[in-house]
Structures are given as structure tokens and as C-alpha cells.
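The structure appears right after this line, and notes come after that.
Next comes the structure, spelled out in C-alpha cells:
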């Protein structure tokens, strides 16, 4: 078991190094930061001085090495717009994103797990078809369009919910206020996730229900409810873990667009404005950080997977 | 299974069962018909559209009328005509970028699974790396680096979305490679290209097709999102996503629903029908699902 | 039997070890000794049966003979020329002259290909047939294995297990081979079908003068079709004799156990003496010392733990060979136990 975990970590290391290389190469490929300095009033000599100061006259691998050692010390570079350290910026914006992501993930599971199990237990009935059809609808609606519709209904028509930000300007900062701001983005994010999750959990559950040991349990006269809850659910935990691991990168991505639409002050909005203004150090910092988060999440999924499923031997 | 009962009939049973199982999905059949009609409309857009999509033919933001069935946009172009051309673009992006990613994924997956060894390890680790970056983030960054436009969007979506297919194909190749008919080929000294392209590839077509269907749907959603954010298809060329772009302004959102509801609904209908078709294909190809 | 003739193929000192990889940084921690020094000859037109428990290395030998794998040690000689000394053209000859019939008729045919395609491509590739004649050739092959002509347009799933095995045989025959490795060709089939396939193989052998290496784990099928039989235990041949001689007069305790384990339809013979093996089959990762069979042998003596026996004639000049330390000392194992 421990051997397996160590092995997985060892496999992850070259991937991690590869990620930093890709990240760095994209950053150098997109153009040197000097281009932004260029203008009629900047002398060639001044640019040359800056070039040497930034170490851009050195070969690429030396630049990579410098960048990497800086990175290991927590220095991810500086924003070309606000001149703030990137790590500092990420720290400020990550909180709201994590809040939005975890709540959305939780809500989507709250919908998907019961719906998926219900669907599997009542397979090939009209109820099952309804759930599956709805789940397809959920994963087919573009998030930003759903956001527009929600804003149209709840903000424009009914005036119940605020459509942007995390706090009401000027009002006292309270938990309830945040919740009100969160409702719509969470609905949008959870809808698309629940769509895929329902089908995933349904098919995993169908697989489990087909197994012989469940038939045995039923033959022993254990009630249907108990069979599903006690015997099947424990095993259904495995697909749930997979689904959770699978959604971390998707969530990061989905958050970018949804945060933008709802002006949610998180990493997504920060990234989007960095993309629009081509603030590459910030973009690549976010890329790198999310890639590492995804890598760690995958690793954790594998480890938890191994802990939960006793039949997997290593 | 009844092993020794002769099941010989005159026609090709396999294709018929696939067809029959597919036809059992009423929604998928309806989706296919819908998609066929839309595809036809998109192809015939120059003939069908009442006005030129880029010409100012009416007042600013006229509501729907007999003259303009879906009204006109902010600069007075006919929304219906623009939408017909937009569907064209969206479908083109969906299919073309999926074609790109499928080709890349299939080639890498086949090579990785068939030749194994170091090549396999390098390709799979590279796949891991690409998969670690959140997909939309990669697309957005690429769109920011390369100039947005139809061809670039297709290439970006295509070159970012291959890892799933590569993994799928590799897994399939690994299991087919061990089947005895491949060993029979090796005993008979058949060349590698024959084993790879004539024996293994045809056996992976079904899962690839099912997966590619879902990639088409995802690509269309991504194109819409990119264009919505202003980083995809650039005006004056219309796409379903950039037609929604205007709805970010509150006045359009509140008082001119004809500008944003039809393209939004069109995206949903297209994506949903493609997903239904994909689901039915999965069932049709895989008898164990029943 | 046909000792005066030149052997078609010779297996000489064949060994095959598979590395076992483990550890955090995978490295070879040991070997599985699948085949552990095997010698035998195959004479033209004969059927040599190869029997033993699963995992004894019999299939591995078949796969090496069909050049699917290369031996770790030892050599395989075909028509006087070792595989390793053959040119590309020489290996091409092996690829057509040695063919294989597989155990599982359900995975041995490409499910996405019509029978015609499965049969025709190898023939066209090797130039055994031409495009003009291919239709006729396929018809002839199907006829040889007893399938109707209209089979060629069909897909494998339209056939039963027995029919598929016939197609598998047709495929092996398509390149006009001289030697066919039959890797448990009937063990996945119903008993009633088994006899049909065995008869087909036998008829084809007579008609086409084929040589078979027939691998099986059930004694019945092997006894039915083989001229000579080699019994394997843990990667080595423990006894080799003419089929009839082996069954009437088994020398090695393991062969005796195998023979007595086989059910006999004759009720009169039920009260024969039975040899029942004790213990489990040892792992082929950590081989027992000396005679590999000593840990389960009812007649084992101290000597058996030390000396690894060679395959020697039971009587001087006899074709009946056995590998047993007790026999090597000039005694019969059975007598030794009675003493």
C-alpha cells in the first residue's frame, strides 16, 4: 500500500517537471515582456539594460533554471500590469474561488447521488428515462447561457438576487449576503456537473446492482432498502470518489467563465482579466498552480481509491 | 450463451442489430432528424436566409416582425439570417476540431498502445501533463496567444482535446493486442501495418465514434463560450456564441430577448441532440448495456 | 517410431524465463521458470502430444516453436537450420510452414472481419494465392474443414464455437504449413464437438501429411490423437513415450498419477490402484531443488532432493524415456517404494 503511494508520487514527479517546462516554454514563446516597454520614448539602450536586468540575454535553459529556483522559493514573478507578486495575487483571489467550487461540487453531488441511484434502481422505467434525459439537458446547456437566463429571471424580472460580486456594496459584510450572491453561480456550476455525474453514478450503480453478492443479499431476505443502502452504497462510494477527482480540473475551467459573468471576485475573474490584458506572468502562474492542484487531486483520488476498495491489491 | 447453436442468417446480423438498437432510442432518432434538418439549413444558408448576414437591412434592434422573423440586431442586421450562418460556423467548428483531435488522439493512442515501451511511457506522461492543465484555461491561453479566428479556434480546440481519445484508443489497443487473432497474425508473419490498421483499428472504431460524438458537443459548447467572451469567432462573422455576446449588456438582456434567446436555445438543441445520438450509439454498439 | 528419418523440428535445451518486476523503481527481482530445459524432436507426419498441468510450460514451448517468442536459452531447429541462424527469407519460410491453432475460438478470429478477409489476406501477402484464384482457394479451404462455401461472407459471431474452430484450422492451413502447433484446440469446446474437431485434425493430417505438436491438459484428447506423448511437470519433460506404451506402462510417478486420475469408462477397471498426489503444485518462481517433483512424489527418497534427473531410456535402446532419480539408479520407482 505504502509502496503503491510512493510509486504514484514518483510517477507524478516527471509529470510535474514536464508541466513546469511546458508552462515556461509557453511563457517565453508568447513574447518577451520587453515588447510592452517598447514605444517611441524608450531608447534602445534602456531596453538593453532592462534585458540584462531581467536575465533575458541568457540561454533559455538558464532562464528556466532561474525561473524554477525562484518558483521553489515561492516567487512566481510579478504582474505586468499591477506589478504585484503573482503569488500574492493568487492568495487574495483563491478564497472566493475555493468557496464557490466546493459549494458547487457539494450541491451537484447532493443532486447527482440520489438521482443516479434512483435512476439505477428504477432502470428502464419512465422515471429513469426522465432523469437521464434531464441529465443530458443539464450537461448540454452552456453555463453562460444558463447564467443569462437566471439573471434575467431572478435579477431583472423578480429582483430577488444580486447578479454580480460577492458582497453588496456599502452593506455590512455578512454570511447571508454572500449566500445570496452565491446562489446563481452555484446553480449554474452545479447543473452542468450534476448532468454528467448523474449518468456516471447511474451506470456505476447499475454495474454494482448486477453483481452476484447483491442477489445473494436479496435472496437472504434482506429488504430492498437495506440492500441498496448497506451493501450497494458502500461500493458506490468508489465511483463518487472518481467523479470528485474528475471534476477538479473541470471546475477550475468552468469557474473562469462563470466568475466572469457574475463578476465573482475569484481566480477565474483575475485570470480572465489577465488573459484580456495579456498579463502572461499571471496567466502562467494560474496555469501552473491549477495544474499542480489537478495533479495532487488525481494523486489523492488514486490513494483514497486504494484505501476504499479492498479488492485492489498492489 | 448458446455456444453451439448455429446462428446463420442471410444478411449481416451485426449491422442490423446496431441499427435496431439505435432506432429503439426515440429521442436519438428525433435528434438525428432534427440535426439533419439543421445541417441542411446550414448548408443552404445562402439560399435560405432572407437577407445577407452582414448587411444593414432594418432599424437598430427592431423586434420580430413579418419582415424580420427574429428581429434585427443593434446595427440593423437580420437576426435570422445571421443565425443561419452562425449555425454553419458552430457546426463546422464542432466537427472540424473533433476531426483534428480524433486524428491526433488516435495516432498517439495507437502508437502508444501498440509499440509500448519507452515510446508509450513518453506519450502517456505527456498526455498526463496536458490533462493536468484545466481544459478551458489552455483553450483561453491559446486563444490569447494566437489571433482568434475560425481556423485558429478549430486548431486550438482540436489540439487541446486529444488526450481523452488517446487514452481510450491506447486502452483498447492494449486489450485487442493480446487477443489470439493478433497472435495468429504474428505467427503468419503479417506485417505490423496490417496488424495495426487492418486488425486493431477497425475494432476500436465503435468506442472512438461514441467518444468523438461527445467531443463534438463539448467543442461546440467551448466555441460558444470562447466567442461569448469575445475570444473566439470575431465579428462581423457570426457564431452562436458571439451572437450572445451582446447580452452581457444589461439593456439587451432586459429588453431585447430576441437578440439572445434564439441563439442560446439553438446551442442547447444542437448539443442536446448530439449528446442523445452519442448515448444511443453507445447502447447500440455495446450489447452488454442491455 | 520414425527414428530413421530426419526430424522436421528439434527443440534443444529450451529454456524460457520471464522476469518478475517489482519494487518502487521497477526492477527484476526474480524469474518465472516457464520452461526449464526441454529437448525433443518432431518427426514428419507424427503427432507429438504435450500434456501437463496448467502453468507447466507446455503452451510456452508451443509459442516458441511458432516463433511468437524467443527462447531465453537453447535453440529451435527447423529442417536442420536453427531459427537464430535464419535470414529474413528463412524466417518467412517459418512463418508459412509453422502455423498455430488456438484454444479460444471466440477470440481467435477478428470479430469485425468477414471470414473471407481473415482467410485471404495472409495468403495474398505471402503469395500463396493470387487475386484471380483467391476465391477458389478460400472455397477449397472451407471445404477442407467442412464448412459451406457461403460461410466466407459471414462474420465470426454468426458461427458456433466448433465452427469457429474449423475456421481457425482453415486459417492455419491457408499458408500450406508442414507443422501445426495445436494449443489446446478442443478444451474450450463441448465434448460432442471435441471429437469432431479431433477427427478433422486427424483426417487433415493424413491428407496433407501434416506434423502436429498437440498441446492439451486433458489426457483423453491427447491420447486420441497423438503418436507419442511427452508429459511435462514444472517446465521439464518427465516422461516421453509412444502413446500406447505411456498409458499401458507409465514409469514416472507423475505420469502414473495423471493416468490414474483420468476417469475410465470401464467399470471392471475401477478398482485399479490409484496414485493420488499430495500437496500443491510448487511455484515456478522458486523451484524445488533436485527432482522438481520430489515434494509431491509418493516414492521420493533422500536422493531425489539432490540430483536433477536427466531424461533417459527406461530400458537400454528403448524410445520410452523418463526422468526420475530412482530410475537413474537402475531401479523402477514403484519397486523402490515396495521394498
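Chains as they are written, first to last, in our numbering: chain A, 1 to 314; chain B, 1001 to 1290; chain C, 2001 to 2339. Glycine included, C-beta positions come from ideal geometry on N, C-alpha and C.
Apart from the five residues just before and just after residue 304(A), which ones in its own chain have a Cβ nearer than 8 Å to its Cβ? The count along the first chain starts at 1 and reaches residue 304(A) at position 304. If we look at residue 304(A) and ignore the five residues flanking it on each side, its Cβ neighbours are 241.
For residue 21(A), which option in 46(A), 47(A), 61(A), 96(A) has the closest C-alpha, if you only look at C-alpha atoms? Mapped onto the first chain, residue 21(A) falls at position 21. Comparing Cα-Cα distances from residue 21(A) to each of 46(A), 47(A), 61(A), 96(A), the minimum goes to 61(A).
Could you list which residues in chain C have their beta carbon closer than 7 Å to that of residue 1179(B), in chain order? By 1-based counting over the second chain, the position of residue 1179(B) is 179. Simply 2107.
Do residue 1153(B) and residue 1105(B) come within 8 Å of each other at the CB atom, strictly closer than that value? In the second chain, the residue the question calls residue 1105(B) occupies position 105. In the second chain, the residue the question calls residue 1153(B) occupies position 153. Cβ atoms of residue 1105(B) and residue 1153(B): not closer than 8 Å.
Could one say the Cβ of residue 1236(B) lies closer than 8 Å to chain C's Cβ atoms, at least one of them? Taking the second chain and counting its residues from 1, the one referred to as residue 1236(B) is at position 236. At a cut-off of 8 Å between beta carbons, residue 1236(B) makes no contact with chain C.
Classify residue 1170(B) as buried or exposed, calling it buried when 16 or more other Cβ atoms lie within 10 Å of its own Cβ. Reading the second chain from its first residue, position 170 is the one you call residue 1170(B). Counting Cβ neighbours within 10 Å, residue 1170(B) comes out buried, since at least 16 surround it.
Member of 261(A), 145(A), 252(A) whose CA lies at the smallest distance from the CA of residue 94(A): The residue given as residue 94(A) occupies position 94 in the first chain. The option with the nearest alpha carbon to residue 94(A) is 252(A).
Return the residue from the list 80(A), 216(A), 166(A), 64(A) that minimises the CA-CA distance to residue 283(A). Within the first chain, residue 283(A) is the residue found at index 283, counting from 1. When each option's Cα is compared against that of residue 283(A), the closest is 80(A).
Going along the chain, which residues of the region 290-302 of chain A sit with their C-beta nearer than 7 Å to a C-beta in chain B? 290, 291, 294, 295
Excluding the 5 residues preceding and the 5 following residue 1043(B) in the sequence, name in chain order all residues of the same chain whose CB lies nearer than 8 Å to its CB. By 1-based counting over the second chain, the position of residue 1043(B) is 43. For residue 1043(B), where only same-chain residues beyond five positions count, the Cβ hits under 8 Å are 1088.
Interface residues of chain B around residue 278(A) at Cβ under 9 Å? For the purposes of this step, residue 278(A) is taken as the residue at position 278 of the first chain. Near residue 278(A) (Cβ distances below 9 Å), the residues of chain B are 1144, 1145.
What separation, rounded to the nearest whole angstrom, lies between the Cα atoms of residue 73(A) and residue 65(A)? Translated into the one-based positions of the first chain, residue 73(A) becomes position 73. Translated into the one-based positions of the first chain, residue 65(A) becomes position 65. Their backbone Cα atoms lie some 13 Å apart in a straight line.
Counting contacts by CB-CB distance shorter than 8 Å, is residue 1207(B) in contact with chain C? Locating residue 1207(B) in the second chain gives position 207, counting from the first residue. No - not a single Cβ of chain C is within 8 Å of the one on residue 1207(B).
Listed by chain order, chain B residues near residue 2092(C) by CB distance under 7 Å: Within the third chain, residue 2092(C) is the residue found at index 92, counting from 1. The contacting residues are 1189.
Alpha-carbon to alpha-carbon, residue 1221(B) and residue 1271(B): Along the second chain, read from residue 1 onward, the residue named residue 1271(B) stands at position 271. Along the second chain, read from residue 1 onward, the residue named residue 1221(B) stands at position 221. Going by the C-alpha atoms only, they are around 7 Å apart.
Quick one: grab the DSSP three-state call for residue 1039(B). For the purposes of this step, residue 1039(B) is taken as residue 39 along the second chain, with counting starting at 1. In this structure, residue 1039(B) counts as helix in the three-state DSSP scheme.
Check each candidate in 2012(C), 2009(C), 2038(C) and name the one with the smallest Cα separation from residue 2234(C). Position 234 of the third chain holds residue 2234(C). Selected option, being the one with the closest Cα: 2038(C).
For residue 160(A), count neighbouring C-beta atoms within 10 Å of its own C-beta (all shown protein chains included) and say buried if the count is 16 or more, exposed if not. Locating residue 160(A) in the first chain gives position 160, counting from the first residue. Looking at its Cβ environment, which holds fewer than 16 other Cβ atoms inside 10 Å, residue 160(A) is exposed.
Cross-chain neighbours of residue 1128(B) in chain A, by beta carbon under 7 Å: Position 128 of the second chain, counting from 1, holds the residue named residue 1128(B). Chain A residues near residue 1128(B): 15.
Is residue 1097(B) closer than 8 Å to residue 1240(B) when the C-beta atoms are compared? In the second chain, the residue the question calls residue 1240(B) occupies position 240. In the second chain, the residue the question calls residue 1097(B) occupies position 97. In this structure, residue 1097(B) does not lie closer than 8 Å to residue 1240(B) by Cβ.
Since residue 1225(B) meets chain A, which of its residues come closer than 8 Å, beta carbon to beta carbon? Taking the second chain and counting its residues from 1, the one referred to as residue 1225(B) is at position 225. Per Cβ cutoff of 8 Å: 142, 143, 144, 257.
Would the beta-carbon of residue 2293(C) fall within 8 Å of that of residue 2253(C)? Here residue 2293(C) corresponds to residue number 293 of the third chain, with the count starting at 1. Here residue 2253(C) corresponds to residue number 253 of the third chain, with the count starting at 1. In contact: residue 2293(C) and residue 2253(C) (Cβ atoms closer than 8 Å).
Every unbroken alpha helix (DSSP H) inside the region 2125-2165 of chain C [4 residues or more]: Runs of the alpha helix (DSSP H) lying entirely within the region 2125-2165 of chain C and spanning at least 4 residues, in chain order: 2134-2144.
Considering only the beta carbon of each residue, do residue 187(A) and residue 150(A) sit closer than 8 Å? Looking up residue 187(A) in the first chain gives position 187. Looking up residue 150(A) in the first chain gives position 150. The answer is yes: Cβ separation under 8 Å.
List the whole-angstrom C-beta distance separating residue 1213(B) from residue 1118(B), where the pair is believed to meet the contact cut-off of C-beta under 8 Å. The count along the second chain starts at 1 and reaches residue 1213(B) at position 213. The count along the second chain starts at 1 and reaches residue 1118(B) at position 118. Not a contact, Cβ separation roughly 33 Å.
Inside the region 2067-2128 of chain C only - alpha helix (DSSP H) runs reaching at least 4 residues: 2088-2097, 2115-2125
Against chain B, does residue 2130(C) count as a neighbour if the rule is that its beta carbon must be under 8 Å from one of theirs? Within the third chain, residue 2130(C) is the residue found at index 130, counting from 1. Chain B contact via Cβ: absent.
Which first and last residues belong to the alpha helix (DSSP H) in which residue 106(A) is found? Taking the first residue of the first chain as position 1, residue 106(A) is located at position 106. Taken as a continuous stretch (DSSP letters only), the alpha helix (DSSP H) holding residue 106(A) covers 86-121.
Helix, strand or coil: how does DSSP classify residue 1059(B) here? Along the second chain, one-based indexing puts residue 1059(B) at 59. Of the three classes helix, strand and coil, the one that applies to residue 1059(B) here is coil, per DSSP.
Within 8 Å, strictly: CB atoms of residue 2174(C) and residue 2123(C): Looking up residue 2174(C) in the third chain gives position 174. Looking up residue 2123(C) in the third chain gives position 123. In contact: residue 2174(C) and residue 2123(C) (Cβ atoms closer than 8 Å).
By the three-class DSSP mapping on this structure, what secondary structure does residue 161(A) have? Locating residue 161(A) in the first chain gives position 161, where the first residue counts as 1. Three-state DSSP puts residue 161(A) in coil, outside helix and strand.
My output table needs one value for residue 1263(B): the three-state DSSP class, helix, strand or coil. The residue you call residue 1263(B) lines up with position 263 of the second chain. In this structure, residue 1263(B) counts as helix in the three-state DSSP scheme.
If we cut at 8 Å on Cβ distances, does residue 2144(C) have a partner in chain B? Taking the third chain and counting its residues from 1, the one referred to as residue 2144(C) is at position 144. So, not an interface residue.
Leaving out five residues on either side along the sequence, give the residues of the same chain with a beta carbon under 7 Å from the beta carbon of residue 1207(B). For this step, residue 1207(B) is matched to residue 207 along the second chain. Only 1168, 1172 meet the Cβ criterion.
With three or more C-beta pairs closer than 8 Å as the rule, is the region 1046-1061 of chain B touching the region 1069-1078 of chain B? yes
Thinking residue 2067(C) and residue 2094(C) are a contact (beta carbons under 8 Å), I'd like their distance in whole angstroms, please. Position 67 of the third chain, counted from the start, is the residue given in the question as residue 2067(C). Position 94 of the third chain, counted from the start, is the residue given in the question as residue 2094(C). With 8 Å as the limit, residue 2067(C) and residue 2094(C) qualify as a contact, their Cβ atoms being about 6 Å apart.
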